[in-house]
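Counting from 1, one number per residue, gives the positions in the sequence shown under the UniProt record's numbering. The beta-carbon is built from N, C-alpha and C at its ideal position, and this holds for glycine as well. The structure presented is a predicted model; accordingly, all values stated were derived computationally and were not measured.
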Amino acid sequence: MHTENIDRRTILRATAAAGVALPAAAPTTAAGSAGPRIALLLFDGITAMDAIGPYEVLSRIPGASVLTVGKRRGAVRTETGAITLGVARALREVDRADVLLVPGGGVADVQADPETIHWIQRLHRHTTWTVAVCTGALILGTAGLLRGLPATTYWALTDRLASFGATYVPRRFVEAGKIMTSAGVSAGIDLALHLTARLTDERTARAAQLVVEYDPDPPFDSGSPDKAGPDLRRYALELLQGSIRP
């Protein structure tokens, strides 16, 4: 029995056969221009979805280039220890980007690393947007980039923002000047869609949302601390702690 290998290209061919017109090539963001250069910081202890969720959205921007950057080239391990992500360029090799994306996870080692913090500060001087997902906001705070700004972060660590001179705002994402921060993990997708609209236009952002079929309809209504209640909040933190591998 023949089994067809179904992938995205197969889907596109089937769509074309069904009579849906497809463009000959993806357009650039403007006539003759390239898309945004996006530097995605990776580090040991990262939360995989903090990086992968926004990447899946931002990589759909016409002409966009996403470059993974870290202390050194090679693999970094996620906080659960089950997945590794590849660093394409070392920090010293990247001195310009239109967008700097800082994911979260176990960020204490990053906060304590002068090389990474200084690199973020230098790159930020030239970015159009500097954005953080989840506890990545604490890294931006350590770099002194949140002082005097509204911001958000992972629900269990919102009190940490005040130590960086930031004001916590209970939203999925917050834009302040050229800095954006998001709440935890899945909220990075919301931030990335908003960022896509700011980098291009709403139509492109809406199309990117459809590409990743981001249409949340969860079976439970406990995705925010206010909805979850104290008992579930405690249990969630137990699950989080139990899943982290040293």
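Excluding the 5 residues flanking residue i on each side, which residues of the same chain have their C-beta closer than 6 Å to its C-beta?
i           : result
residue 137 : 151, 153 and 181
residue 100 : 39, 123, 127 and 130
residue 65  : 37
residue 48  : 78 and 83
residue 164 : 141 and 146
residue 244 : 79
residue 233 : 225
residue 81  : 245
residue 208 : 57, 60 and 196
residue 119 : 91
residue 107 : 135, 138 and 139
residue 42  : 68, 70, 76, 85 and 87
residue 44  : 76 and 77
Contact defined as beta carbons within less than 8 Å: I believe residue i pairs with residue j. What is the distance between those atoms, to the nearest angstrom?
i           : j           : result
residue 195 : residue 129 : 6 Å
residue 46  : residue 78  : 6 Å
residue 133 : residue 103 : 5 Å
residue 88  : residue 68  : 5 Å
residue 159 : residue 105 : About 19 Å separates the two Cβ atoms, so there is no contact after all.
residue 60  : residue 185 : With 8 Å as the limit, residue 60 and residue 185 do not qualify as a contact, their Cβ atoms being about 20 Å apart.
residue 110 : residue 139 : 5 Å
residue 35  : residue 63  : 3 Å
So, for residue i: in the same chain, excluding its five sequence neighbours on each side, which residues have a beta-carbon less than 8 Å away from its beta-carbon?
i           : result
residue 173 : 152, 180, 181, 182, 183, 187, 190, 191 and 194
residue 177 : 149
residue 162 : 168
Span of the alpha helix (DSSP H) holding residue i?
i           : result
residue 283 : An answer regarding residue 283 cannot be provided, because it is not within the stretch 1 to 246 covered by the chain.
residue 204 : 202-211
Residues in its own chain within less than 7 Å of residue i by CB, not counting five upstream and five downstream?
i           : result
residue 97  : 37, 38, 39, 123 and 127
residue 237 : 156
residue 54  : 101, 133, 188, 189, 191 and 192
residue 86  : 68 and 75
residue 222 : 228 and 232
residue 205 : 193, 196 and 197
Quick one: complete alpha helix (DSSP H) runs, 4+ long, within the UniProt domain "DJ-1/PfpI" (37-196)? Counting only runs of at least 4 residues, the UniProt domain "DJ-1/PfpI" (37-196) fully encloses the following alpha helix (DSSP H) elements, listed from N- to C-terminal order: 48-58, 108-111, 114-124 and 136-142.
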